[in-house]
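K.L.:
Take a look at the following structure, please.
Protein chains: 2
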Amino acid sequence: MAAPPVSPLAPKMLPTLPPIPGVRFAAHAAGIRYKVRSDLMVAVMDPGTTAGGVLTRSLTASAPVESCRAHLKSGSGRVLVVNAGNANTFTGRQGVADVEATCKTAATVFGCKPSEVFVSSTGTIGVPLPVEKILDSLPVVRGKLAADAWMEAAKAIMTTDTFPKVATRTATIDGLSVTINGFCKGSGMIAPDMATMLAYVFTDAALSAEAVQALIADGANKSFNCLTVDSDTSTSDTLLMFATGQARHPQITAANDPRLADFKAKLDDLLIELAQLVARDGEGATKFVEVRVTGAEHDAGAKRIALSIANSPLVKTAIAGEDANWGRIVMAVGKAGERADRDKLKIAVGGTLITNDGAPVPNYDETPVVGHMKGQDIVLEVDVGIGSGKATVWTCDLTHGYIDINGSYRT
Amino acid sequence: MAAPPVSPLAPKMLPTLPPIPGVRFAAHAAGIRYKVRSDLMVAVMDPGTTAGGVLTRSLTASAPVESCRAHLKSGSGRVLVVNAGNANTFTGRQGVADVEATCKTAATVFGCKPSEVFVSSTGTIGVPLPVEKILDSLPVVRGKLAADAWMEAAKAIMTTDTFPKVATRTATIDGLSVTINGFCKGSGMIAPDMATMLAYVFTDAALSAEAVQALIADGANKSFNCLTVDSDTSTSDTLLMFATGQARHPQITAANDPRLADFKAKLDDLLIELAQLVARDGEGATKFVEVRVTGAEHDAGAKRIALSIANSPLVKTAIAGEDANWGRIVMAVGKAGERADRDKLKIAVGGTLITNDGAPVPNYDETPVVGHMKGQDIVLEVDVGIGSGKATVWTCDLTHGYIDINGSYRT
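Residue numbers (our numbering), protein chains in the order written: chain U, 9 to 419; chain Y, 9 to 419.
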């Protein structure tokens with residue numbers, strides 16, 4: 009398959025991520041699936057690094073996901089090994105043994121315990137992992153580690169992604185400046201339930217493992233869990249955060265410590281940026297879509313309605329066709345199974361109110377809406393007229409490109 | 009929009025439906041939306057006809073759906089008025105008044121009570137219904153009623169359908185032969201929760217309204233509720249059944265009467281045929297897909313897993329690409345939220361076992377599966393290894409045709 013062109017929704021410029029004391033990276037062409045690009049990414053963190061994360065709720069989760077879930081219990085993270093091109097999912101006992109071998113070899117090469125190694129795999133499901141290529145690469149990778157290899161790392165984990173997804177923030181803790189960097193991959197099979205495909209966040213802040221876990225779980229709910237490309241939840245969804253603790257403030261042990269207020273805000277912001285980048289690189293995407301639902305019974309109900317709209321093939325194909333077919337939004341509200349008052353429903357597209365009190369507004373002029381639909385960033389607002397629950401969800405349109413990419417992924 | 013070509017999955021021959029004593033039809037070009045075809049269908053039933061039906065669970069249901077729900081309480085059905093091209097959905101108070109006017113005028117023209125009139129509308133959402141065109145047509149239609157106009161009736165209710173969907177069965181009650189005829193429309197926005205777009209069943213059997221209601225509700229669960237084209241539930245889903253009672257057996261008042269055993273089997277069979285015809289005319293469909301799930305905790309769980317597979321855009325695009333990408337079936341089982349044992353999962357495509365005990369079968373030969381995927385009727389079988397729950401669901405593939413049709417439906 010020829011590489012698809014870069015998404016028209018890709019950012020015009022990618023930020024340069026500053027080094028974070030205590031983390032180094034290397035990307036390597038291990039030949040796992042791709043021939044002419046890096047497909048193995050290794051991050052090595054200094055001793056004392058705490059780790060937290062959230063993983064897919066899929067009942068057919070991959071062997072690496074189950075290993076991460078077990079290793080998160082220690083709260084300590086020293087090595088991250090990620091390969092692209094093979095998901096090591098539904099590979100039976102051999103798949104589990106391959107993850108164990110990777111952890112053991114990485115522990116020997118980089119000098120830590122196997123339980124401090126986190127492994128992720130992304131790519132085709134059901135194909136045995138050529139694990140020797142990973143094991144043989146680890147000593148080579150050790151000689152290539154660098155503190156500034158963020159972009160190489162972000163590129164090495166891509167599959168159908170058309171651009172690397174990176175973000176950075178600076179936050180203040182106790183008067184001290186700390187850095188938060190993150191990168192992720194994801195384009196199709198995106199409807200995260202706990203996290204999305206693969207996303208990694210690093211900081212030099214000094215945080216207990218419990219604080220890292222609480223911060224990342226809360227942030228995931230506001231970011232990756234508000235994202236859908238195609239309603240299909242991956243077997244490999246993984247979001248991990250590592251805090252090296254090399255910033256010189258005293259370690260903070262509770263996520264709700266007031267000194268973390270700015271850090272938490274910046275972390276949430278970074279996670280939202282990464283999640284939106286996934287929607288902007290949705291398979292075949294030509295429009296980025298924000299769905300804002302208000303007036304629901306509660307926030308969870310608002311989110312279910314927002315996802316019902318964002319996942320509707322009829323809404324998504326209408327957006328691809330630049331057609332403000334708001335009747336399909338009415339349909340998607342109706343099928344969500346959440347309380348909504350049809351006779352109070354308000355729908356606005358691009359800020360223009362189209363319906364009010366259960367019917368089109370008098371003398372509705374479609375002109376500004378038609379103009380909005382021709383743009384790249386589409387905003388759909390729905391008030392369901394029941395209560396004060398609200399939610400925002402991000403997605404993209406459904407185009408011929410999605411069919412092209414997914415009719416022939418394996419071949 | 010140019011009319012799309014007839015679905016490649018359309019039946020090669022359509023059956024001729026015999027007359028049913030007590031029912032007459034007319035189709036009429038009322039000019040509601042379409043210029044050169046019938047878009048109004050009226051069925052008139054003799055006095056004594058009982059009625060039952062199931063309607064969408066959508067919370068943004070149309071005005072005609074709400075009227076049908078109210079009129080079903082009487083259990084008596086004399087007139088059915090169906091228009092295509094305008095859904096009379098989300099049309100506010102005017103939409104409700106338009107349905108009431110239609111019932112009142114039809115009652116006057118055909119000599120019955122307004123509560124014995126059933127109205128359905130299908131087409132664009134949110135556009136006021138040009139109700140005068142319907143009211144003015146009713147006296148004209150009265151002069152055109154015929155007992156053999158089944159095909160004209162089935163054609164008049166089509167929207168994006170590429171062929172009329174009709175079916176017939178003969179059943180025996182108490183030694184007497186009775187007829188069951190049905191027709192329906194539906195192609196997109198198909199994920200019935202109680203019924204599908206519009207489907208109507210007629211019989212000359214003598215059945216109490218309670219028996220009709222119980223028979224059609226049970227039959228809907230085995231047929232239309234096992235159907236999805238695109239996971240989008242319509243605001244207009246309606247399945248109605250009318251029993252004229254002109255067959256000369258004594259009226260049967262309970263659906264579980266042993267004398268109805270053959271009738272019930274034939275009715276279920278007819279409903280399944282109609283439901284499958286909708287999948288065979290799914291927007292853009294090139295493959296008919298049957299998903300059979302076994303080994304679930306219970307039947308409801310099996311159905312949720314089957315629908316998760318049948319609604320997955322990644323499974324559906326792979327089928328369109330003739331790619332037996334069974335890893336996506338694993339994914340869809342995992343995201344369904346129902347109990348499944350990943351390590352006992354069995355997947356077969358076209359009868360060929362691909363996975364067993366949570367991994368591909370040894371020496372899996374893809375050759376017969378590749379051949380099956382090139383055909384038009386695809387069978388996916390999944391055993392999730394937990395219990396004895398089972399379900400079968402029908403759908404179609406997701407192709408460029410779906411995007412073409414739905415990017416420009418309103419224009």
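Note that the Cβ used here is the ideal one computed from N, Cα and C, for glycine as well. Quantities reported herein were computed from a predicted structural model and do not represent experimental measurements.
Could you check which residue in Ile133(Y), Val148(Y), Arg347(Y), Asn94(Y) has the C-alpha nearest to that of Thr113(Y)?
P.N.:
Here the closest residue by C-alpha is Val148(Y).
K.L.:
Identify, in the order they occur along the chain, each residue of the same chain with its Cβ nearer than 6 Å to the Cβ of Lys43(U), setting aside the five sequence neighbours on each side.
P.N.:
For Lys43(U), where only same-chain residues beyond five positions count, there are no Cβ hits under 6 Å.
K.L.:
Given 8 Å as the limit, is there contact between the segment 103–111 of chain Y and the segment 174–187 of chain Y, that is, 3 or more CB pairs closer than that?
P.N.:
The segment 103–111 of chain Y, when compared against the segment 174–187 of chain Y, does not touch it at the 8 Å Cβ threshold.
K.L.:
Considering only residues of the same chain and omitting the five flanking positions on each side of Asn319(Y), which have a CB-CB separation below 6 Å?
P.N.:
Around Asn319(Y): Thr236, Ser239.
K.L.:
As a quick exercise: from Leu206(U), Cys111(U), Ile394(U), pick the residue whose alpha carbon is nearest that of Thr302(U).
P.N.:
Looking at the Cα atoms, Ile394(U) is the closest of the given residues.
K.L.:
Do we get a CB-CB distance below 7 Å when we pair Arg420(U) with the residues of chain Y?
P.N.:
In the structure as shown, chain U starts at 9 and stops at 419, and residue 420(U) therefore has no counterpart that could be examined.
K.L.:
Using the rule of at least 16 other Cβ atoms within 10 Å of the residue's Cβ for burial, across every protein chain shown, is Glu281(Y) buried or exposed?
P.N.:
When all chains shown are included, Glu281(Y) counts as buried.
K.L.:
With C-beta atoms as the reference, is Ala308(Y) less than 7 Å away from Gly253(Y)?
P.N.:
Result no, Cβ atoms of Ala308(Y) and Gly253(Y) do not sit closer than 7 Å.
K.L.:
Rounded to a whole number of angstroms, what is the C-alpha to C-alpha distance between Val89(U) and Leu285(U)?
P.N.:
Near 23 Å, if we compare the C-alpha coordinates of Leu285(U) and Val89(U).
K.L.:
Quick one, which residues of the segment 361–379 of chain Y are near chain U if we go by CB-CB under 8 Å, in chain order?
P.N.:
Residues Thr363, Asp365, Gly366, Ala367, Pro368.
K.L.:
Relative to the C-alpha of Met49(Y), which residue among Pro370(Y), Gly56(Y), Gly39(Y) is closest?
P.N.:
Per the Cα distances, Gly39(Y).
K.L.:
From the beta carbon of Thr400(U), is the nearest beta carbon of chain Y less than 7 Å away?
P.N.:
Not an interface residue.
K.L.:
Straight-line CA distance for Asn371(U) to Lys398(U)?
P.N.:
Answer to the nearest angstrom: the Cα atoms are 29 Å apart.
K.L.:
Run through the segment 275–310 of chain Y for me and flag every whole beta strand (DSSP E) of 3 or more residues, listed as ranges in chain order.
P.N.:
Those beta strand (DSSP E) runs which fall completely within the segment 275–310 of chain Y and span 3+ residues are 296–304.
K.L.:
Leaving aside the five residues before and after Ala326(Y) along the sequence, list all residues of the same chain whose C-beta is less than 7 Å from its C-beta, in chain order.
P.N.:
For Ala326(Y), where only same-chain residues beyond five positions count, the Cβ hits under 7 Å are Asn333, Arg336.
K.L.:
Give me the chain U residues within the contact set of His306(Y), using Cβ-Cβ distance strictly less than 8 Å, ordered along the chain.
P.N.:
Near His306(Y) there are no residues of chain U at all, since even the closest Cβ is about 16 Å away, more than 8 Å.
K.L.:
Does the contact criterion of 3 or more C-beta pairs under 8 Å hold for the segment 145–163 of chain U versus the segment 47–66 of chain U?
P.N.:
Yes, they touch.
K.L.:
Give the interface partners of Ser416(Y) over in chain U, defined as CB-CB distance under 8 Å, in chain order.
P.N.:
Result: Gly329, Asp331.
K.L.:
Can you check whether the CB of Asp405(Y) is closer than 7 Å to the CB of Ala340(Y)?
P.N.:
Going by C-beta atoms, Ala340(Y) is not nearer than 7 Å to Asp405(Y).
K.L.:
Check whether chain U comes within 7 Å of Ala348(Y), counting only Cβ atoms and requiring the distance to be less than that.
P.N.:
Ala348(Y) counts as touching chain U.
K.L.:
Taking buried to mean at least 16 other C-beta atoms within 10 Å of its own C-beta, is Arg256(Y) buried or exposed?
P.N.:
Looking at its Cβ environment, which holds fewer than 16 other Cβ atoms inside 10 Å, Arg256(Y) is exposed.
K.L.:
What are the uninterrupted segments assigned as beta strand (DSSP E) that are 3 or more residues long and contained completely in the segment 29–68 of chain U, given in chain order?
P.N.:
Correct list: 31–36, 48–53, 58–63.
K.L.:
Any chance you could list the beta strand (DSSP E) runs of at least 3 consecutive residues sitting entirely within the segment 385–416 of chain Y, in chain order?
P.N.:
With a minimum length of 3 residues, the continuous beta strand (DSSP E) runs that stay inside the segment 385–416 of chain Y are 385–391, 397–404.
K.L.:
Answer with yes or no whether the minimum CB distance from Met197(U) to chain Y is below 7 Å.
P.N.:
So yes, Met197(U) belongs to the interface.
K.L.:
Work out the CA separation of Ala283(Y) and Lys141(Y) for me, nearest whole Å.
P.N.:
The straight-line gap from Cα to Cα measures roughly 31 Å.
K.L.:
Please list, in chain order, the chain Y residues whose beta carbon lies closer than 9 Å to that of Ala139(U).
P.N.:
According to the sequence provided, residue 139(U) is Val. The question's Ala does not apply to it. None at all; the shortest Cβ gap to chain Y is about 15 Å.
K.L.:
Kindly indicate which residue of Asp265(U), Asp156(U), Ser70(U) has the alpha-carbon position closest to the one of Thr24(U).
P.N.:
Ranking the options by Cα distance to Thr24(U), first place goes to Asp156(U).
K.L.:
Is Ser320(U) close to chain Y? Criterion is C-beta to C-beta, closer than 7 Å.
P.N.:
Cβ-Cβ to chain Y under 7 Å: yes for Ser320(U).
K.L.:
Is the shortest distance between the beta-carbon of Lys4(U) and the beta-carbons of chain Y less than 7 Å?
P.N.:
Residue 4(U) lies beyond the stretch modelled for chain U, which goes from 9 to 419, so this question has no answer here.
K.L.:
Is DSSP giving Ser15(U) helix, strand or coil here?
P.N.:
Coil at Ser15(U), not helix or strand.
K.L.:
Of all Cβ atoms in chain U, is any one closer than 7 Å to the Cβ of Ser66(Y)?
P.N.:
So yes, Ser66(Y) belongs to the interface.
K.L.:
Taking the straight line between their C-alpha atoms, what separation do you get for Arg350(Y) and Cys76(U)?
P.N.:
Whole-angstrom Cα-Cα distance: 18 Å.
K.L.:
Starting from the Cα of Ala71(Y), find the closest Cα among Ser145(Y), Gly134(Y), Lys20(Y), Asp365(Y) and give me that residue.
P.N.:
When each option's Cα is compared against that of Ala71(Y), the closest is Gly134(Y).
K.L.:
Are the beta-carbon atoms belonging to Glu298(Y) and Val387(Y) less than 7 Å from one another?
P.N.:
Yes, these two residues count as a Cβ contact at 7 Å.
K.L.:
Buried or exposed for Lys81(U), please, with buried defined as at least 16 other CB atoms from any protein chain shown within 10 angstroms of its CB.
P.N.:
So Lys81(U) ends up on the exposed side.
K.L.:
Tell me whether Ala203(Y) is buried or exposed, calling it buried when 16 or more other Cβ atoms sit within 10 Å of its Cβ.
P.N.:
The predicted model places Ala203(Y) with a pLDDT of 48, which falls under 50 and marks its position as unreliable, so this point remains unresolved.
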